[in-house]
Amino acid sequence: MPFYRSVGEVPPKRHTQFRQPDGSLYAEELMGQEGFSSDSSLLYHRHLPTAIVAATPYQPATWSRTPNQPLTPRHLRTHKLDTGGDPVLDRQPLLANDDCRISYVVADRPSPLYRNAIGDECLYLEDGSARLESSFGVLELTAGDYVIIPTSVIYRLVPVDGPVRLLTVEATGHIGPPKRYLSVRGQFLEHAPYCERDLRGPTAPLLVDGSDVEVYVQHRVRGGTAWTRHVFAHHPFDVVGWDGCLYPWAFSIHDFEPITGRIHQPPPAHQTFQGPNFVICSFVPRKVDYHPLAVPVPYNHHNVDSDEVLFYAGGDYEARRGSGIGQGSISLHPGGFTHGPQPGAAERSIGAERFDELAVMVDTFRPLDLCEPALAVADEEYAWTWSRR
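In the UniProt record's numbering, the protein residues as written are 1 to 389.
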């Protein structure tokens, strides 16, 4: 999912002759998931998408992973990572397990052409604007946008009018809307907090000429992952048309319609996407609990099966006042540790009618390790902020 689109020129019947102006056949490519058993799209290329002329190993920067030991809550200050770079090769991994990797980058230059052959990616633009170019076309992105990039789509990300701050979640499988939001045929149901009208996909082909074009590929190997640099005989952005249900798509966090109630709503009410052994949630400005005795901030809770990551993207997060959390902060509250609002937050929240907060949450069902960039920007005092006198 998402829903069916048709962009550019396609023939009236799939897998039939579709000829270029010179009489030669367009090269048809089926890109599909789960071995012909799930979503797919048909793309029509001017040149063979299989034609490569060189392949060499590529070694990106490597980062170690360290278990969260001793087990404590963590606070990471991502704005201390403002070093610049490109949005793919210069991502700085912060947290990772065998299901996903969460990174942050301040991108001030275009990425190379890139294909992630391991899993889908979810990018969140904290600040700035960018253009996602792919073999499916172009998506214009602004602050607050999520973009879902399916596995093996060739793309590049281009910052527009200055640097862009990106939170990235790389999966080992597919990312999409929660199944409970969808009908058996894939339509958004009435209780879903967003719908098809809120999703944006490419609307026109992107045709780029070129030869001997490099594409960086992250892919699986026995025992882990590796990178290869392919050189394509022709530029992969040569698709004159495509149709199907598999393509990059964008959704703005500002279009998420919050679900509220008389008493505090738990995080599943904010769920936006699901991935393999993790979920992504959106906390947006909203009216809060209206029971006369309601306590609007979260109660202390212990999610015994998951680690909770919260990226603070804007507004005023009332439950964390006094802890040092601010714009661009990431908190990690691990399984095995009870967490909750800072001292005094529950009492202060009584009577509040609205919260003005913007945050992205990633809950994982396997423990997250800390990567070196995370340790470099960690707030060593955060774990003790609940016990300060």
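Using N, Cα and C, we set each Cβ at its ideal position, and we do this for glycine too. Please read these numbers as outputs of a predicted model, since none were measured by experiment.
Here DSSP, grouped into helix, strand and coil, assigns Trp249 to strand. Membership of Pro159 in the beta strand (DSSP E) is indicated by the continuous run Ile154 to Ala171. Judged by DSSP in its simplified three-state form, Trp384 adopts helix. Within 10 angstroms of the beta-carbon of Phe36 lie fewer than 16 other beta-carbons, which makes it exposed. CA-CA distance, Gln327 to Pro21, rounds to 54 Å. Residue range Gly137 to Thr142 is occupied by the beta strand (DSSP E) that includes Leu139, with no alpha helix (DSSP H) assigned at that position. The C-alpha of Ala171 is placed about 6 Å away from the C-alpha of Glu121.
For the beta strand (DSSP E) assignment, the uninterrupted runs of no fewer than 3 residues enclosed by the region 3–87 are, from N- to C-terminal side, 5–8, 27–32, 40–45, 52–58 and 74–77.
Counting C-beta pairs with one atom in each stretch, the region 38–49 and the region 58–74 have fewer than three that are closer than 8 Å, which means they do not touch. His174 is not a Cβ neighbour of Ala51, given a cutoff of 9 Å.
At the C-beta level, Leu167 and Ile253 stay beyond 9 Å of one another. Scanning its chain for C-beta atoms nearer than 6 Å, with the 5 sequence neighbours on each side dropped, one finds around Glu308 the residues His333 and Asp363, in chain order. For Glu133, no alpha helix (DSSP H) run applies; the uninterrupted beta strand (DSSP E) run containing it begins and ends at Glu121 to Ser134, by DSSP. Around the beta-carbon of Asn116, 16 or more other beta-carbon atoms lie within 10 Å, marking it buried. In this structure, DSSP gives Ala319 a helical state, which the three-state scheme calls helix. In this model, Val239 and Glu29 are separated by some 10 Å (Cα to Cα). Ranked by Cα distance from Ser306, the first of Gly324, Pro178 and Pro367 is Pro367.
Runs of the beta strand (DSSP E) lying entirely within the region 241–292 and spanning at least 3 residues, in chain order: 249–252, 271–275 and 278–283. Here His264 is not near Ala54, since their CB atoms are 9 Å or more apart. At a Cβ-Cβ threshold of 9 Å, Leu94 and Ala374 count as neighbours.
Here Ser331 carries a strand assignment [DSSP, helix/strand/coil].
Counting C-beta pairs closer than 8 Å gives fewer than three between the region 75–90 and the region 350–362, which falls short of the contact rule. Looking at the DSSP output, Ser103 bridges to Pro93 and Thr168. For a cut-off of 8 Å, the C-beta gap from Asp369 to Ala143 is around 29 Å, too long to register as a contact.
Look at Ala378 here: in three-state DSSP terms it is strand.
With a contact defined as Cβ atoms closer than 8 Å, Gly335 and Asn303 qualify at about 6 Å. Here Gly344 is exposed. Its C-beta has fewer than 16 other C-beta atoms within 10 Å. Boundaries for Ala352: no beta strand (DSSP E) harbours it, and the DSSP string shows neither H nor E there.
Going by C-alpha positions, Thr62 is about 45 Å away from Phe18. Minimum Cα-Cα distance from Glu140 among the listed residues Val279, Thr203 and Pro12 corresponds to Thr203.
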